[in-house]
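Line order of the protein sequences matches chains A and B.
My numbering puts the first residue of the first sequence at 1, with every later residue one more than the last.
My numbering puts the first residue of the second sequence at 1001, with every later residue one more than the last.
The C-beta atom is built at its ideal place from N, Cα and C for all residues, glycine as well.
Note that the structure is a prediction, hence the values are computed from the model and not measured.
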Amino acid sequence: DTEVTQTPKHLVMGMTNKKSLKCEQHMGHRAMYWYKQKAKKPPELMFVYSYEKLSINESVPSRFSPECPNSSLLNLHLHALQPEDSALYLCASSLSGRTVKNIQYFGAGTRLSVL
Amino acid sequence: AQRVTQPEKLLSVFKGAPVELKCNYSYSGSPELFWYVQYSRQRLQLLLRHISRESIKGFTADLNKGETSFHLKKPFAQEEDSAMYYCALTSKETSGSRLTFGEGTQLTVNP
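This is how it looks when you write it as structure tokens:
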């Protein structure tokens, strides 16, 4: 399995809802990433997990809560989001978060709409 | 701070013409440069990285440290090359974790 799988593909939620995005990889990668991508814009890094530990948090609001239960799985818990949080959320993984030689492999993303 | 600049948001060429997508970077440490591509309705994927010095789908890119550039070139563009191209940078100083993207260039190859 050489893919990063994200579920769901689409999500619509109200501002009071709680939902979660899921990301899975079975490539033995030990670094996983969450990005946010607005239309016609590049991905913006949100969080990095390296060996199941949070190593980078790009000052993301607390209404986004990441979780890495094991080396293959990455979740993003969402609570009390704002309409401006509507975007494509991308997950990526790489062999390690400790070398520049890493290639990041991206999932297809979850398209989130906050009403 | 890491910064990547792609001066052209849109680039349009005819099939068979040469194409060059520009990328300049700003970083004082040891950068690692990549080109990622996003075809319509497909996921973001790696096209090239400078340490590999390889040609993928006819594209090449050379890191010019003097000019801090990593331009992407192809001598004869094909219609299937139409896509969004992102130049990206990471560094030894962040252990390769932080990937900074440029704003992207939307390439259209006309028949």
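Starting from residue i and walking both ways along the beta strand (DSSP E), at which residues does that stretch end?
i	result
I1056 (chain B)	From DSSP, I1056 (chain B) is part of no beta strand (DSSP E); its letter is neither H nor E.
K1073 (chain B)	L1072 to K1074
Y1036 (chain B)	P1031 to Q1038
T1105 (chain B)	T1105 to N1110
P66 (chain A)	F64 to N70
T5 (chain A)	V4 to T7
N57 (chain A)	K53 to N57
L1021 (chain B)	V1019 to L1021
A92 (chain A)	A87 to S94
S50 (chain A)	E44 to S50
K36 (chain A)	A31 to Q37
V114 (chain A)	T110 to V114
Q25 (chain A)	K18 to Q25
V60 (chain A)	Neither: V60 (chain A) is in no beta strand (DSSP E) and is coded neither H nor E.
Y1025 (chain B)	N1024 to S1026
L73 (chain A)	L73 to H79
T1068 (chain B)	No beta strand (DSSP E) contains T1068 (chain B), which DSSP labels as neither H nor E.
A1083 (chain B)	A1083 to S1091
M15 (chain A)	Run containing M15 (chain A): none; DSSP gives neither H nor E here.
R1049 (chain B)	Q1045 to R1049
L1010 (chain B)	L1010 to F1014
R1003 (chain B)	R1003 to T1005
Under 7 Å between beta-carbons, which chain A residues line up against residue i? List them in chain order, please.
i	result
L1046 (chain B)	I103
C1104 (chain B)	Looking at the sequence shown, residue 1104 (chain B) is not Cys but Gly. Near G1104 (chain B) (Cβ distances below 7 Å), the residues of chain A are P42.
F1101 (chain B)	P42 and P43
Could you list which residues in chain A have their beta carbon closer than 9 Å to that of residue i, in chain order?
i	result
Y1086 (chain B)	P42 and P43
Interface residues of chain B around residue i at Cβ under 9 Å?
i	result
L90 (chain A)	R1043 and L1044
Residues of chain B with CB closer than 7 Å to the CB of residue i, please, in chain order.
i	result
S50 (chain A)	S1097
Mind pulling the chain A residues with CB within less than 8 Å of residue i?
i	result
R1049 (chain B)	I103
What residues of chain B sit near residue i, judged by a beta carbon separation below 8 Å?
i	result
G163 (chain A)	Residue coverage of chain A in this structure runs from 1 to 115, which leaves residue 163 (chain A) outside it and unanswerable.
A87 (chain A)	Going along chain B, no residue has its Cβ under 8 Å from A87 (chain A), so there is no contact; the nearest lies around 14 Å.
A31 (chain A)	S1097
(request) Indicate whether the contact test is met: 3 or more Cβ pairs, each with one atom in the stretch 1014 to 1031 of chain B and one in the stretch 106 to 115 of chain A, closer than 8 Å. (result) Verdict: no, contact absent.
(request) Would you check if there are 3 or more beta carbon pairs closer than 8 Å linking the stretch 77 to 84 of chain A to the stretch 102 to 109 of chain A? (result) Output reads no: the stretch 102 to 109 of chain A does not touch the stretch 77 to 84 of chain A.
(message) With a threshold of 8 Å, are at least 3 pairs of Cβ atoms found where one atom belongs to the stretch 1074 to 1088 of chain B and the other to the stretch 1104 to 1111 of chain B?
(response) Using a Cβ-Cβ distance cut-off of 8 Å, the stretch 1074 to 1088 of chain B and the stretch 1104 to 1111 of chain B are in contact, since at least three pairs of beta carbons, one from each stretch, lie closer than that value.
(message) Counting beta carbon pairs with one atom in the stretch 1055 to 1070 of chain B and one in the stretch 65 to 73 of chain A, are three or more of them shorter than 8 Å?
(response) Segments in contact, no.
(request) Give the residues from the stretch 53 to 81 of chain A that approach chain B closer than 7 Å (Cβ to any Cβ), ordered along the chain. (result) Cβ contacts with chain B come from S55 and I56.
(message) Assess contact between the stretch 1005 to 1016 of chain B and the stretch 1028 to 1048 of chain B, defined as three or more Cβ pairs (one per stretch) separated by less than 8 Å. Is contact present?
(response) Inter-segment contact for the stretch 1005 to 1016 of chain B and the stretch 1028 to 1048 of chain B is absent: fewer than three beta-carbon pairs are separated by less than 8 Å.
(request) Take every Cβ of the stretch 1044 to 1062 of chain B, pair it with every Cβ of the stretch 44 to 61 of chain A, and state whether three or more of those distances are shorter than 8 Å. (result) No, they do not touch.
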